[in-house]
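For reference, the structure is listed below as structure tokens.
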Amino acid sequence: MKLYNTLTRKIEEFKPLSPPLVTLYTCGPTVYDYTHIGHARKYTDDDILKRSLAYLGFKVKHVMNITDVGHLTSDADAGEDKLEKGAKKAGKSVWEVANFFTEFFLKMINCFNIIMPDYLVKATDHIPDMLQLIIKLEQSGYTYETDEAVYFDTSKFSNYGRLSGQKLEEKLKGARKEVYIDPKKKNTTDFALWFKRVGRFKNHSMHWNSPWGDGFPGWHIECSAMSIKYLGQTIDIHTGGTDHIPIHHENEIAQSEAATGKIFVRFWVHHEFLTVEGQKMSKSLDNFYTLDDLQKKGIESLALRYLFLQTHYRKLLNFTWKSAQAAQDAYNKLKEYVLSLRSQGQRTFLSSDKLAQLDKFRDRFRQAVSNDLQIPQAVAIMWEMLKSNIPSQDKLDLLYEFDQVFGLKLNEVQEEKIPEEILDLAQKREEARKRGDFSTSDKLRSQIAEKGYIVEDLEKGFKIKPSPASLR
Ligand SMILES: [Zn+2]
């Protein structure tokens, strides 16, 4: 398999350390607000990577964190704690807020048919592991303590900035003016491993004892602690959004490698963002769409998943309601294909010519998936296969096989149950048509259409199906 590695800025041949095992860590959500479609894309892309690895024969061991403490409003150490802010806004405790939005996140994971990680782990359940790592860093001389926090000294880690390709000095120049800076902080790029419950965090509601007094962990340390704990000191793949490259992931590398002396991550995989109608999602533009907004417009989450499949993970995806509707239409069509292939009965004898065709489709699909996840190409191959002349039962088998990567739940597609009332109207219409009363038959057809169904006349009898509009 070929994968783009942010660390080397090249597409490389991916070989895990201990095949067929692949150790995978994916940065999870900070649970202080609703999961939106931008998050949905990120977690779907993680899922596609994971499914692709499994399809190609690897055995994936996956860890994802839930950040329920320590993430400030800026990824650097400025601003309020996101959880505390969320709690203030909702008038609830931080623990209630964390639970509520974790549940919401899990609902999203389920709706998008994202396979659960082997370990879904909360930061607050791993404070001792983080403390252990910070103590190790302190003993190796990588930290310093101020009145407010314990910091990682980035000037002591010679490889700092390697992932983003920024030299320390450049990064310092480019660094945004922070709202508040600890006056004792030595370098702008230094980051907090542990915050003390003093000053601006005097009333911080989540806090634990530590060798540096009462306080709470910085954001970055959790990922290193949990990755090392569950997957070992060196892992195969770590993913995240491209926004995590310059700060969060750079810091994860620094603290992990300083503590263990080993390479932390062999392949860094980063997902590109999603814009809405050409603009960045923001509260002020009111374009922070969630699952509920999709439902209101009649877009199924799996149709949105289909939309995600059509853009490569390293390309910006511009979400529009028009593209979402087109994805819903395509997904409906795909489901119709499944039903029709299923109804086409018995397996026929496969000629050597058709067998070769089948193998060729599978090979091309495999090639697309293994070539840095060219999923849009894999989708095109699927449609080409469906329109080919190979027998239906073999088409269906291959479609289900492709769906191991796509994750569109095609083998669970069910015929929509037509209500009695509609069947009744359709029967009456059929009778009117038989006796040549076309005016009554037309009236009944529009009545059925108003209720969201279409009647199709067949050579013998008729067929009813939901009109595409009713699926919206
Ligand atoms: Zn992380």
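To convert, count from 1 in the sequence shown and add 247; that's our numbering.
We treat Cβ as the ideally placed atom computed from N, Cα and C, and that holds for glycine.
Can you grab the Cα-Cα spacing for the pair residue i / residue j, in whole Å?
{"i": "M363", "j": "S693", "result": "45 Å"}
{"i": "A287", "j": "K707", "result": "46 Å"}
{"i": "S405", "j": "F347", "result": "41 Å"}
{"i": "H485", "j": "A396", "result": "28 Å"}
{"i": "N456", "j": "F649", "result": "51 Å"}
{"i": "M473", "j": "Y427", "result": "29 Å"}
{"i": "N312", "j": "D704", "result": "54 Å"}
{"i": "A571", "j": "P666", "result": "28 Å"}
{"i": "L440", "j": "Q604", "result": "57 Å"}
{"i": "S265", "j": "L300", "result": "14 Å"}
{"i": "T371", "j": "F438", "result": "19 Å"}
{"i": "G462", "j": "Y281", "result": "27 Å"}
{"i": "T489", "j": "L563", "result": "11 Å"}
{"i": "P713", "j": "E583", "result": "11 Å"}
{"i": "E678", "j": "K656", "result": "38 Å"}
{"i": "V344", "j": "A625", "result": "40 Å"}
{"i": "I258", "j": "V368", "result": "31 Å"}
{"i": "L718", "j": "I669", "result": "Low confidence applies here, because L718 scores a pLDDT of 43, under 50, leaving its location unreliable and the question unanswered by this model."}
{"i": "A716", "j": "I546", "result": "Low per-residue confidence applies at A716: pLDDT is 49, beneath 50, and the placement is therefore not dependable enough to give any value."}
{"i": "T687", "j": "D671", "result": "14 Å"}
{"i": "G333", "j": "S531", "result": "17 Å"}
{"i": "A325", "j": "L254", "result": "27 Å"}
{"i": "K403", "j": "E469", "result": "21 Å"}
{"i": "E631", "j": "A573", "result": "18 Å"}
{"i": "L581", "j": "N252", "result": "33 Å"}
{"i": "D293", "j": "V516", "result": "9 Å"}
{"i": "R298", "j": "F520", "result": "21 Å"}
{"i": "F535", "j": "R609", "result": "38 Å"}
{"i": "H518", "j": "E499", "result": "17 Å"}
{"i": "K681", "j": "Q614", "result": "54 Å"}
{"i": "S635", "j": "T314", "result": "48 Å"}
{"i": "E497", "j": "I284", "result": "26 Å"}
{"i": "P375", "j": "G592", "result": "59 Å"}
{"i": "C274", "j": "E697", "result": "47 Å"}
{"i": "G487", "j": "S471", "result": "14 Å"}
Whose C-beta lies closer than 8 Å to the C-beta of residue i among residues of the same chain, with five residues either side of it excluded?
{"i": "G412", "result": "R256"}
{"i": "P623", "result": "L556, Q557, T558 and H559"}
{"i": "D322", "result": "W466, D490, H491, I494 and H495"}
{"i": "V660", "result": "K582, V585 and L586"}
{"i": "K431", "result": "T393, D394 and E395"}
For the putative contact between residue i and residue j, defined by C-beta atoms under 8 Å, what is the C-beta separation to the nearest angstrom?
{"i": "H378", "j": "Q502", "result": "It is worth fixing the name first, because residue 378 is Leu in this sequence and not His. At roughly 13 Å, the Cβ-Cβ gap does not stay under 8 Å, so L378 and Q502 are not in contact."}
{"i": "Q621", "j": "H559", "result": "7 Å"}
{"i": "F514", "j": "E504", "result": "About 15 Å; that fails the 8 Å criterion."}
{"i": "G304", "j": "W466", "result": "With a Cβ gap of about 36 Å, G304 and W466 do not count as contacting."}
{"i": "D400", "j": "K433", "result": "6 Å"}
{"i": "F261", "j": "L250", "result": "4 Å"}
{"i": "Y279", "j": "K329", "result": "4 Å"}
{"i": "L646", "j": "M629", "result": "7 Å"}
{"i": "L633", "j": "R589", "result": "About 13 Å separates the two Cβ atoms, so there is no contact after all."}
{"i": "I492", "j": "L410", "result": "6 Å"}
{"i": "E662", "j": "L586", "result": "6 Å"}
{"i": "R552", "j": "F359", "result": "5 Å"}
{"i": "L597", "j": "D641", "result": "6 Å"}
In the DSSP assignment, what residue or residues form a beta bridge with residue i?
{"i": "Q526", "result": "V523"}
{"i": "V702", "result": "I711"}
{"i": "F442", "result": "A396 and F463"}
{"i": "F555", "result": "According to DSSP, F555 bridges with nothing at all."}
{"i": "N312", "result": "V368"}
{"i": "F566", "result": "V523"}
{"i": "Y251", "result": "I258"}
{"i": "T514", "result": "Note on residue identity: the sequence assigns Phe, not Thr, to residue 514. BP columns for F514 point to I484."}
{"i": "N265", "result": "The identity of residue 265 in the sequence shown is Ser, whereas the question assumes Asn. According to DSSP, S265 bridges with L268."}
Going along the chain, which residues of its own chain have a beta-carbon closer than 6 Å to the beta-carbon of residue i, five neighbours each way excluded?
{"i": "T595", "result": "P638"}
{"i": "Y477", "result": "V310 and Y366"}
{"i": "Q480", "result": "T507 and K509"}
{"i": "P276", "result": "F352"}
{"i": "R444", "result": "H451, H454, D461 and G462"}
{"i": "L271", "result": "V307, H309 and I484"}
{"i": "Y290", "result": "I361"}
Once the 5 residues before and after residue i are set aside, which same chain residues still bring their CB inside 7 Å of it?
{"i": "A673", "result": "I695, V702, F709 and I711"}
{"i": "N565", "result": "T522 and G525"}
{"i": "N618", "result": "K249"}
{"i": "F246", "result": "Lying outside 248 to 719, the shown extent of the chain, residue 246 is not represented and no answer is given."}
{"i": "Y302", "result": "V616, Q651 and V652"}
{"i": "V341", "result": "L330, E331, A334, S452 and M453"}
{"i": "Y398", "result": "T390, Y391, K432, D437, F438, A439 and L440"}
{"i": "L538", "result": "M355, C358 and S548"}
{"i": "K721", "result": "Since the first residue of the chain shown is 248 and the last is 719, residue 721 is not available in this structure."}
Closer than 5 Å to ligand 1: residues, by C-beta to nearest heavy atom, in chain order: Environment of ligand 1, chain-ordered: C274 and C470, taking every residue with Cβ within less than 5 Å of a heavy atom.
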